[in-house]
Amino acid sequence: MDQIVEFLPDDLNNDFAEDEEFQQTYTIIASRLEASNEQPMIVIDTPVVSQPQLSIPTPKFDGQYEHWPKFKAMFTDIMKRSNVSDAVKLHHLNNALIGSAAGILNASIISSNNFTSAWEILESRYENPRVIIDKHISGLLHMKPVSRESAKNLRDLIEKCKSHVDGLKHMGKPVDGTSNLIINHILVSCLDIETRKLWERTLKAGESPELNATLEFLRKQCEVLEHCLPETTSSKSRVPATRVYTTTIAPPTYDCPICNEHHPIFKCPTFLGLSTMAKRGKITQLKRCHNCFGIGHMANQCYSKATCRMCRKKHHTLLHTDEIPSSNPSNTSKPSTSAGKQSSLPAVALNVNSDSMTTVLLSTVLLLITDQYGREHQARALLDSGAQSNFISGRLAQLLRLPSQSVNIPLSGIGGSIGANVRHKVRATIRSRCSSYSTSVEFLILSKPSIDLPRESFNIHNWSIPNHCTLADPSFNTASCIDIILGAEYFYNLLEAGRISLGAGYPTLQATKFGWVVSGNATVSITSSPTICAVATHSSLKQTIDDHAQEFPVAANRFKDFYVDDFVSGDSTSEAAQLLQNQMEHLCKKGGFPIRKWASNEPAVLSDIEEKDLAASPFSSTSNEGALATLGLVWDPSSDTLRFKINIPDASGPITKTKVLSCIARIYDPLGIVDPVKATAKQFMQRIWSLTNEKSQPIGWHNELPALMQKEWEQFQSQLDQLRNLEIPRVAVGKASSNLQLHLFCDASEKGYAACCYIRSEDMAGTITMQLFVSKSKVTPLKSRHSIARLELCAAHLSSQLYERVKKAINLTAPTVFWTDSMTVLHWLRASPTTWKPFVANRVAQIQQITEGCSWRHIPGVDNPADLASRGCLSVDLLNSSLWWQGPKWIYQPEASWPNTSPSANADAASTEQRTSIAAYTTAEVTHNRIFTLYSSFSKLRRMIAYWIQFMNRCAKRHSYQGKGLTTDDLKAAERALCRWAQQDVFKAELKMLRRHNPSCLNSRPITPLSDDPNDVAALTPAHFLIGSPLHQVPDIDASNLPENRLSHWRHVQQLMARFWDRWHTEYLQQLQSRTKWLNRSANQITPGTLVIIKEDNVPSTRWPLARVTECHPGKDGTVRVVTLRTSKGVQVIRPIVKLCVLPNLDRDG
């Protein structure tokens, strides 16, 4: 068409205006083309696939000095060869900087488009020959050693050494003489032992090795390893690496400090004869660890994983007393600590008992087993007198790396069941942890010798195990894997004199050389993980309540008052609370939940409950009798107050980051009652985080803090104990209170920002009370330094979020007042969010949405209680602060006496955040095909194109015409051509992607087998002639069945590609089947070794499932209808021949 348009005159519209003139022009051009016998080179129906242009990727620079010379040479050469402007060069340079080099070019350099200045900045920074040389030398000295024979690791070592040597040469420091020997020595010292031996054999006696010769040897060794030991990426065949730790340990000396005999303290007869309190006193006198009896540390610093077998506390079992509280979660109540209008209601709490079952315990022991290198590993073994052999798990055998021997021994089990034969055995030495017993045992290797024992974990807190009995398996009650089975060959030799019965319903203790084993029948209490217990209890309890809701309506309405397995609720009167308790108890019994641990602030509610079902105190002191632990706090039902229970860690020794964080984590305050103290701790931790050492790196977790900071922290920690004296009323609003209001205060400082919520109430007598309800504080971010005004806005935003949480937590509708001491924030909040810049606008919009209907007022800074939480304070100062606990004094006066300061109309600080309005208009001209610009009428354009089509048909003699007019076929062909050109304009991107994708589908089709080898499952494709290998494409999400209106532009293109693949894939397979079935009947005879395509649905693009026929299964009539195939992955499958397409064999079919 372009050639035809070139023949037309410039004033084409005027020539086409008159039909006679057009006919004349048409005749002249047609005769000229016929005389010249030239065929117009016009292609209409054949799509042209455009090839993507090649581009050279720019190198990257990560800020390391040793990489600068290479980057400089490559980047400057690319820029010299490319004819681009300085702005483009600067753009490529900025994108090439990564890592520590990113951000060196500031905004002013980039905006000025001064490439020369930017390059000079980089050269002045990194063009430092001495530093570059030092980096290369350091790289040579710190090359990573190769631990084992590996082609990949050797090549990495060669490339690392070569890069540093070349870097030194580039800096004018050639490697010769002594430096050659030094670098060669460093390189050889990094080799594994086997490669080092081979290298040593290449040297002659007295020969000085050369670096180049060593590198050449290593290259050849890499080639050898790549052929003999190819690297594998299969996760199944990868052997887990074993870390080897070598140290020198002096033999243990068990000189008892009590009787001076040769035995440890826990076996001392004198020590065992003392009472428990006397034992504690003796260990304290000896300054020994109460957990492991070791020297040089306390129990809270003990690294031993062993704990008391009775209570699981961090002390030795010999020091256990009944006064020590259990560290396991006690079945205590968890009353609600948040209070709305119903906060004065009596609280009721309960727990659910754990289940019990009878089980048989088998004899398990923990022993030590020696590996190939003489190191000992702890393993769990089962003593089985009914086993004729000894067994070891494949996991443990692989860990020990012991040499194995091949065997073929069949296994038989209970009832004569036959298992798989054992193929390997090993011999290992086992040793007792509790005595000097050791022996060499031959083990048969099984993948898993036994199931996990016991089947389920259970509690042993109420078991009376004698203190002098050292258990062979201290964790016998915890479900764990069995690594070893010791059979009858050693069973009776391991038994010793001594047997202790723990009583009815408990197992028996038997003395062995490994310690006392626990075995026999036992009634145990099954323990579950908190998550499983929570899910099971919640789902089962909900089903019980749904089944009996009509019988117990009061209890059914309080289902949401359950917290895991604890019930925390209340009611307005004692009678209603007692009814709730009675119904909840009977309702839970319906589902098999015996409930206990009841507690209430009204004794009348508990009058009908048996004493054994009441909650017990977790404290041992008489002053705290009746108090209950709940979520880190302590609730005293008698006074209905909350107190803090803080376990302050030992302050002895230097103060480190670890100790500070451990102490902060012990301050658990979910309501933010002591937020000023927590804010001080968090701000101190933030300061620690910014400390660096002499290398400008953050200090370590165990590094000692500066002296001034240690003194500051000691002062803070010493006052934490004062929080135990704090008593907070659980009730925030009295029974007779009315006229309730919520007051939220917010404030910010350079250290942090905070918000606190108070409930103001007034009773019938006019007495006004103000009670702290909840608070929240945050530290100021270190990286993003904001102005005080912005931090005040963050505090206001935090107060709105706190208000939203309070509304969701309590059912209280009351007037709400927000207080801030920032006039700027009030000015921002009284304007539309669109007035301000994004930081302010986003927060103002959220605040206005959450606090709609509430009022914002100004408060003087000295009267703002949130100031304490934003700056932080010590515990003593917080206890004495009436502003924090009761709020400002004027809040108890009528509202007319409250501060009433309005923000000024034009606040200077607020105007700095005002948004600058910029209007910009852009226009874009859509490029169309030149054909559509010739006429403004579609019918006339169609007629003109039809004339040209007729003209070309006449010239090519593709159609016979009678007369000179246009035919219907010419008009339809013209309309199709116009539609095609329009689609090429509008769907340019889609067509481009389809043109790239469709040839790959066509070129991926299998044509014929590559070889007659029955093990070769590969076929010749057109791609082999183009690129030398088959095409592969990454599978994408199948969007072929999704509606087009739900697809994005990209997914729509993917859908078109998928539809083309489905149609092409199906039609090609049908073509193969029809050819083999009808055209050449003999080719349909499938024989072993035939290469076929398996017909499968939902095959990804360019994927053709190929397989070789390994076996044919003829029917009774001798016709083969089913065959066995081996796929490319080596999997054997059976398919009917109707699901197979035989690839033509050119050698066989001709």
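First residue of the sequence shown: 1, per the UniProt record's numbering; consecutive thereafter. Ideal Cβ positions, reconstructed from N, Cα and C, are used throughout, including at glycine.
Per DSSP, PRO269 has no beta bridge partner at all.
The residue from ASP1062, ASN725 and GLN398 with its alpha-carbon nearest to that of ASP1097 is ASP1062. The segment 1013–1033 makes no contact with the segment 1054–1074; the number of CB pairs closer than 8 Å stays below 3.
By DSSP's assignment, TYR753 forms a beta bridge with ALA748 and LYS778.
When rounded, the separation of the alpha-carbon atoms in SER150 and ILE193 is 12 Å.
The bridge partners DSSP lists for LYS542 come to none. Distances from the alpha-carbon of LEU642 to those of ASN725, ASP77, ASP384 and PRO466 put ASN725 closest. For PRO815, the CB contacts under 7 Å within the same chain, skipping 5 residues up- and downstream, are GLN741 in chain order.
For ALA795, the uninterrupted alpha helix (DSSP H) run begins and ends at 788–809, by DSSP. Bridge pairing for ALA381: VAL365 and ILE484 [DSSP]. Counting every other CB atom within 10 Å of its CB across the protein chains shown gives MET277 a total below 16, marking it as exposed. Relative to the Cα of LEU362, the nearest Cα in the group ILE392, VAL517 and ALA420 belongs to VAL517.
Counting the other Cβ atoms within 10 Å of the Cβ of ILE132 gives 16 or more, which makes it buried. Cβ-Cβ separation between TYR753 and LEU798: approximately 6 Å, consistent with a contact (criterion under 8 Å). Counted as a single uninterrupted DSSP element, the stretch harbouring CYS292 is not any alpha helix (DSSP H), since DSSP gives it neither H nor E.
The Cβ atoms of ALA522 and THR317 do not sit closer than 8 Å to each other. DSSP places ALA974 in no beta strand (DSSP E) but in the uninterrupted alpha helix (DSSP H) bounded by 968–986. Residue pairing by DSSP leaves VAL88 without any beta bridge partner.
Annotation: LEU1125 to VAL1133 spans about 5 Å, alpha carbon to alpha carbon. Here DSSP, grouped into helix, strand and coil, assigns PHE552 to coil. Here the alpha carbon of ASP547 sits roughly 41 Å from the alpha carbon of SER775.
If you ignore the 5 residues before and after ALA869, its C-beta comes within less than 7 Å of the C-beta of ASP675, PRO676, ALA679, ALA754, CYS756, SER775 and SER777, all in its own chain and listed in chain order.
For ASN521, the pairing in a beta bridge is given by DSSP as VAL360. Judged by their CB atoms, TYR892 and ILE768 are nearer to each other than the 8 Å cut-off. DSSP links CYS1112 through a beta bridge to VAL1123.
For VAL1092, there is no enclosing alpha helix (DSSP H); the residue is part of the beta strand (DSSP E) that begins and ends at 1091–1094. With a cutoff of 8 Å on beta-carbon distance, ILE482 and LEU382 are scored as near each other. The Cβ atoms of VAL175 and LEU140 lie no closer than 8 Å to each other. Secondary structure of GLU762 (DSSP, three-state): strand. A distance below 8 Å between beta-carbons, with the five flanking residues on each side excluded, links ASN703 to the following residues of its chain, in chain order: THR656, LYS657 and ASN693. Residue state for GLN301 is assigned as helix, using DSSP reduced to three classes. Ranked by Cα distance from SER450, the first of ILE392, GLN914, THR1102 and ARG427 is ILE392. DSSP places ALA845 within a helical segment (H, G or I) once states are collapsed to three. Contact between the segment 63–78 and the segment 89–105 is present, with at least three C-beta pairs closer than 8 Å.
Note on geometry: alpha-carbon atoms of ILE847 and ASP669 lie some 26 Å from one another. Rounded to the nearest whole angstrom, the CA to CA distance from LEU1091 to ASN390 is 50 Å.
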